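The opening position of the sequence shown corresponds to residue 1 in the numbering used here, with each subsequent residue numbered one higher. From the three backbone atoms N, C-alpha and C, an ideal C-beta is built for every residue, glycine too. Quick caveat: nothing in here was measured; it's all calculated off a predicted structure. So the structure is just underneath, and the comments pick up after that.
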Amino acid sequence: MTLWVLMRLAHSSGGGTAAVGWTALSALVDAALVAHDSGLVTLGGPQTLAVWGRGLAVVALGVAVLAWGLAQIDALLRSNGVLREELNRYAAEWRGMTERLRRAQRQHDVDRERRRIMREMHDGLGSQLVQALNLVRQSPDVVARASIEPLLVQALDELRLTLDSLEPMEGDLPAVLGTIRQRLGPTLEAAGIELRWAVQDVAPLPMLDSRGVLHLFRCLQEIFANIVKHAHARTVTVATWQHRDFVLLTVEDDGQGMPPGTLSGAQGRGVRNVLARATKIGATVRFYDAHPGTGVRFCFSLRLGRPDAS
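Following this line, the structure appears as structure tokens:
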């Protein structure tokens with residue numbers, strides 16, 4: 001049985017020299033034991049050879065097992081080395097693929113942003129310049145300054161708002177509103193409307209990236225334009241505050257208020273435009289009677305995807 005075990009270990013260890021040698025030695029010892037037990041050899045007394053031979057067989061078995069274990073460990077280390085090389089190769093390929101995907105995503109984002117800016121400039125600045133050009137063409141000899149100047153000022157404001165939206169503001173709503181105050185405040189002042197500023201620090205809003213900032217610019221631009229043209233207001237109050245998981249922005253005037261049909265659902269183009277742009281940045285909008293005047297409330301959720309239940 002010992003000889004059979006040793007031969008199996010020697011074979012499974014890949015023919016290791018130590019295991020094979022000790023296996024052969026054990027085979028000779030076992031043969032001597034057989035000869036001694038059969039009475040063919042009587043050297044050293046009846047028990048001496050058996051005791052020493054069996055001890056040597058046990059040592060041979062231990063050495064063979066140790067050799068087999070070492071051979072298995074060596075094979076495992078070689079296998080691990082091969083696997084490590086394969087893993088490193090796959091990791092390098094994965095990193096290369098990830099970097100290519102990242103570059104492609106960045107290029108896609110750049111292209112999308114470029115198209116968005118071109119569309120915004122076409123709808124805003126382009127429209128104003130086309131109106132100014134048509135006015136010049138219709139009056140080729142003399143163009144009244146009072147007619148052409150407002151169009152050019154509006155076109156310049158459109159360009160400035162577009163460029164301002166590209167400034168990195170990190171979702172800082174007070175900073176965004178401060179930019180709007182610089183751009184649109186003079187228009188309110190020229191109309192004799194006092195701007196009251198009640199803007200407080202609030203949590204950053206991740207939806208206010210360059211695209212979201214421009215959407216908010218357009219919404220407030222539409223609201224302020226309606227106040228100047230139709231509200232007959234003396235003051236406008238802009239306020240922000242934070243309530244639990246929501247950031248709120250309100251614009252209230254003390255004018256004559258919006259027509260009842262506008263607040264009940266028969267919305268004009270400007271109101272629809274505000275609602276559509278607010279939806280694109282994940283904000284809810286509500287128009288309400290400010291007693292007197294009209295209020296507009298924007299609600300931004302700090303938990304993206306959570307609707308405003310109110």
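Point to revise | C219 at chain B interface by Cβ criterion, 7 Å | key: Checking the listed chains, one finds no chain B in this structure; it contains a single protein chain.
Check your understanding: Under the rule that 16 or more other beta-carbon atoms within 10 Å means buried, what is L83, buried or exposed?
Key -> exposed
Check your understanding: Helix, strand or coil: which one does DSSP assign to R234?
Key -> coil
Check your understanding: Counting Cβ pairs closer than 8 Å, one from the segment 186-196 and one from the segment 223-238, do we hit at least three?
Key -> yes
Practice item. Thinking F224 and L184 are a contact (beta carbons under 8 Å), I'd like their distance in whole angstroms, please. Key: 5 Å
**Study point:** Residue span of the alpha helix (DSSP H) that contains A225, given as start and end
**Key:** 210-226
Check your understanding: Would you call L87 buried or exposed, if buried means 16 or more other Cβ atoms sit within 10 Å of its Cβ?
Key -> exposed
Check your understanding: Looking at the structure shown, is R286 part of a helix, part of a strand, or coil, going by DSSP?
Key -> strand
Point to revise | Three or more C-beta pairs below 8 Å linking the segment 209-219 and the segment 287-295 | key: no
Check your understanding: What separation, rounded to the nearest whole angstrom, lies between the Cα atoms of A239 and V296?
Key -> 11 Å
Review point. Can you tell which of R303, D254, F246 has its C-alpha closest to the C-alpha of V285?
Key: F246
Practice item. Just the C-alpha distance for D209 and R277, rounded to the nearest angstrom, thanks. Key: 14 Å
Review point. Between which two residues does the alpha helix (DSSP H) containing A276 stretch?
Key: 269-280
Practice item. Give every residue of the same chain whose Cβ lies closer than 6 Å to the Cβ of M169, excluding the five residues on either side of it in the sequence, and list them in chain order. Key: A175, V176
Practice item. Determine the closest residue to G255 out of N273, V274, V228, with distance taken between C-alpha atoms. Key: V228
Exercise for review: For P206, I'd like the list of residues in its chain whose CB is within less than 6 Å of its CB, leaving aside the five on either flank, ordered along the chain.
Suggested key: G171
**Study point:** Cβ-based neighbour list, A283, same chain, cut-off 7 Å, excluding 5 preceding and 5 following
**Key:** F298, C299, F300
Check your understanding: By the 10 Å Cβ neighbour count, where 16 or more other Cβ atoms means buried, how is N226 classified, buried or exposed?
Key -> buried
**Study point:** Length of the line joining the Cα atoms of Y90 and A75
**Key:** 22 Å
Check your understanding: Can the beta-carbon of Q182 be found closer than 7 Å to that of W241?
Key -> no
Practice item. Return the residue from the list T179, L129, G178 that minimises the CA-CA distance to L156. Key: L129
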